[in-house]
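Structure record follows, encoded as structure tokens.
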Amino acid sequence: MQQLKTICVYCGSSTGKHAVYRYAARQLAEDLVSREIGLVYGGASIGVMGAIADQVLALGGRVTGVIPQALSHQEVVHPNLTELHITRTMHERKMLMAELADGFIALPGGIGTLEELFEIWTWAQLGFHNKPIGLLNVAGYYDDLLKFLTHMHQEQFFKSRHRELLLIENSSSDLLARFSDYQLPTLPQDGLHKEDLA
Ligand code: AMP
């Protein structure tokens, strides 16, 4: 695939119960910086979001934050970012994050993280983009979600080829290696597969 210059990371605005979540964020930061990949994220200084941004900056990497005006106090905008975009709405935030990134990774987080992951994944399912999407299943945090995805597939609400659009790994170096080897799926011209319309 094309060289990855920037990856968007979705993750919690909370730190979570265990230090392993922050540790995984810092490990991903190291793997991004060592590959000269910039970080795009939600611009906050709190939670797992703050942990990854702090570590990328500490290692001399590039961090672009994108935050809606209304959340800039609640999520405490990170004061030292390489670049900061303040958007009018949440939809503008998510669109800009998607445009700025060559790929997407979700770390552990709450429903905001899930919303962002599922939106970018459903956009890939619809053929609106063909950038790689990964889930870092840190310490089994997403095991039950993965079980539910299997159930969705078994109940035929979800096609295997759409499931395969989400790359799942436990370690950030394994996930980034898969991103580097990623073969971009061809986008259907109209953004939809014919069998999806049948
Ligand atoms: P959370 O995973 O809930 O801690 O939130 C992580 C990030 O997702 C934060 O920057 C939230 O602002 C963002 N977020 C929360 N709710 C939404 C939503 N409905 N759509 C998009 N992003 C959201």
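Residue numbers 75 to 272, in this note's numbering, belong to the letters of the sequence shown in order. Glycine included, C-beta positions come from ideal geometry on N, C-alpha and C.
Nearest-angstrom Cα distance between Arg-96 and Ile-111? 19 Å
Sequence-distant residues of its chain with Cβ nearer than 7 Å to Ile-160 (five each side left out): Ile-141, Gln-143, Ser-146
Could you have a look at His-159 and say whether DSSP puts it in helix, strand or coil? strand
Could you please give me the residues that DSSP links to Glu-238 through a beta bridge? In the DSSP output, where bridge partners are listed per residue, Glu-238 has none listed.
Between which residues of its own chain and Arg-167 is the CB-CB distance below 6 Å, once the five residues before and five after are set aside? Val-140, Pro-142, Thr-161
DSSP state of Ile-126, grouped into three classes? helix
For Ile-179, which of Val-114, Gly-124, Asp-255 has the nearest alpha-carbon? Val-114
Selection from Ile-185, Leu-258, Glu-229, Gln-129 that minimises the alpha carbon distance to Gln-101: Gln-129
Report the rounded CA-to-CA distance for Arg-235 versus His-227, giving the unit in angstroms. 10 Å
Identify whether Val-83 lies in helix, strand or coil by the three-state DSSP scheme. strand
What separation, rounded to the nearest whole angstrom, lies between the Cα atoms of Asp-255 and Glu-157? 29 Å
With which residues is Glu-243 paired in a DSSP beta bridge? Leu-210
Helix, strand or coil at Ala-132 [DSSP, three-state]: helix
Ligand 3 heavy atom lying under 7 Å from the CB of Glu-173: Ligand 3 is not part of the structure shown, which contains ligand 1 as its ligands.
Using 8 Å for Cβ pairs, my map puts Ile-81 next to Gly-177. What's the rounded Cβ distance? 5 Å
Give a single yes or no on whether Met-169 has its beta carbon closer than 7 Å to a heavy atom of ligand 1. no
Once DSSP output is grouped into helix, strand and coil, what is the label at His-267? Bear in mind that a pLDDT of 48 at His-267, under 50, signals an unreliable position, so the number given afterwards is only what the model happens to contain. Here His-267 sits in coil by DSSP.
Could you work out which residue in Gln-77, Tyr-84, Lys-79, Leu-78 is closest to Gly-184 when comparing CA atoms only? Tyr-84
For Thr-224, three-class secondary structure by DSSP: helix
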